[in-house]
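Visitor: Using this note's numbering, you'd call the opening residue of the sequence shown number 7 and step up by one each time.
Cβ coordinates follow ideal geometry from the N, Cα and C atoms, glycine included.
This is the structure I have questions about; it appears just below.
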Amino acid sequence: MHYGYIGLGNLGAACAGCLLKAGFKVTVTDLKKELAEPLIAAGATWSDSAEEVAASVDHVITCLPSPAVTEKVLAQILPKMKKGATWIEMSTLGRDDVLAFAKVAEAHGIHMLELPVTGGVHLAYRGEITMLPGGDKETVDLHWKAFEAMGNRVFHMGPLGSSSIIKVITNMLAFIHLKACGEALMLAKRGGLDLGQAWHAIAASSGNSFVHETEGALILNGSYDIAFNIDLALKDLGFALNFGKEFGVPLELASMTNQTYVAAKAAYGGDAQSPMIAKLLEDQLGTDLRAPGFPARLE
């Protein structure tokens, strides 16, 4: 099966590379050709435009930064795709966006699947990220081997729109955990504990979390570099708060965490790394959270 892959940012490049490693034929494009160079070296075919990709492949995967960009790219690829082909969207979109885009694709004779992922870019490069496809079962089954090539755990969440809900939930939890992690580490530091030893003790305790083990380590290094910025966190928290209103669920922790991210954006800018919400606390208290032996990037 020949896939086109449009959007080669941190996540897109990782997932396209995994498809190549698994033996799939892959044609790629991005606004920045230099992002595709490692993939081309690994056997991917380069196209100069999204239209060219869509015309030359069996199915198209997109991994794009916003619904507005998705809408623009979708208008380019749908007229060129083969009738009955599948468009797989890996971006984090709102449920209403997913359903609206699916109608547009259907009008062109194209099937849509949503495919948000969770676990972090470092796991995506290893082919170990969790994949959350949404759409009709027949189409999901058609692409199951590709999903398994990109991730080691795949959960079909249900019809279109289902995956956008669970993805927002997982990200909301991660942001809340990150805020709690920063506060916990600061308690340890101000309490006079060895911060590295405290991190290991928490990791071995009932208070542990995936976020503590990953982003907590990047806080202690001081890089904060999780390859996910504050603007993206605010986008996802906005989706979560909107679902809270729609479903009648009070999201007190999500609301407080959203305000922390608003403050972090004001302090460091929207392109700053998401774990820099911990730096707000460091700056407020004049106390850094550094400890030796922790990585600058997750591998």
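Taking only three categories from DSSP, how would you classify H206?
Guide: The answer is helix: DSSP assigns H206 an H, G or I state.
Visitor: So what does DSSP say about G18, is it helix, strand or coil?
Guide: Correct three-state label for G18: helix.
Visitor: Identify, in the order they occur along the chain, each residue of the same chain with its Cβ nearer than 6 Å to the Cβ of L191, setting aside the five sequence neighbours on each side.
Guide: For L191, where only same-chain residues beyond five positions count, the Cβ hits under 6 Å are L295.
Visitor: Measure the alpha-carbon distance for L201 versus I225 and round it to whole angstroms.
Guide: Taking the straight line from one Cα to the other gives about 11 Å.
Visitor: Since E95 is in the beta strand (DSSP E), which residue starts that stretch and which ends it?
Guide: It spans T92 to E95 - the beta strand (DSSP E) in which E95 sits, taken as one unbroken run.
Visitor: If you scan the segment 165 to 233 from start to end, which runs of the alpha helix (DSSP H) of 4 or more residues do you find wholly inside it?
Guide: 168 to 196, 201 to 209 and 216 to 227, all fully within the segment 165 to 233.
Visitor: Whole-angstrom Cβ separation of A223 and P301, contact assumed at under 8 Å?
Guide: Confirmed, about 6 Å.
Visitor: Taking three-plus beta-carbon pairs below 8 Å as touching, is the segment 9 to 19 in contact with the segment 43 to 59?
Guide: As far as the Cβ criterion goes, the segment 9 to 19 touches the segment 43 to 59, which means the pair count is three or higher.
Visitor: State the Cα-Cα distance for the pair T266 and I283, rounded to the nearest angstrom.
Guide: When rounded, the distance between both Cα atoms is 7 Å.
Visitor: E154 to F245, Cα distance in whole Å?
Guide: Rounded to whole angstroms, E154 to F245 spans 27 Å at the Cα level.
Visitor: Cα-Cα, which of K88, K285 and L121 is closest to V174?
Guide: Among K88, K285 and L121, the Cα nearest to that of V174 is on L121.
Visitor: L25: which of L41, A50, E40 and D36 sits nearest, CA to CA?
Guide: Ranking the options by Cα distance to L25, first place goes to A50.
Visitor: Could you give the DSSP three-state label for R101: helix, strand or coil?
Guide: Reduced to three states, the DSSP call for R101 is helix.
Visitor: List the endpoints of the continuous alpha helix (DSSP H) containing E77.
Guide: Taken as a continuous stretch (DSSP letters only), the alpha helix (DSSP H) holding E77 covers P73 to I83.
Visitor: Given that a residue counts as buried once 16 or more other Cβ atoms are within 10 Å of its Cβ, and exposed if not, what is A74?
Guide: Exposed, since its Cβ has fewer than 16 Cβ neighbours within 10 Å.
Visitor: On the CB-based measure, 16 or more other CB atoms within 10 Å of its CB, does F249 come out buried or exposed?
Guide: Answer is buried; the Cβ neighbour count reaches 16.
Visitor: How far does the alpha helix (DSSP H) with T145 in it reach, from first residue to last?
Guide: From DSSP, the alpha helix (DSSP H) with T145 extends over K143 to L148.
Visitor: Any idea if E40 is buried or exposed, counting beta-carbon neighbours within 10 angstroms, 16 or more meaning buried?
Guide: Exposed.
Visitor: For M87 versus I116, is the C-beta spacing smaller than 7 Å?
Guide: Yes; because the gap between Cβ atoms is below 7 Å, this pair is in contact.
Visitor: If you run the structure through DSSP and keep just helix, strand and coil, what is M118?
Guide: In this structure, M118 counts as strand in the three-state DSSP scheme.
Visitor: Give me the residue from V66, M156 and T145 with the minimum Cα distance to K27.
Guide: Considering only alpha carbons, the answer is M156.
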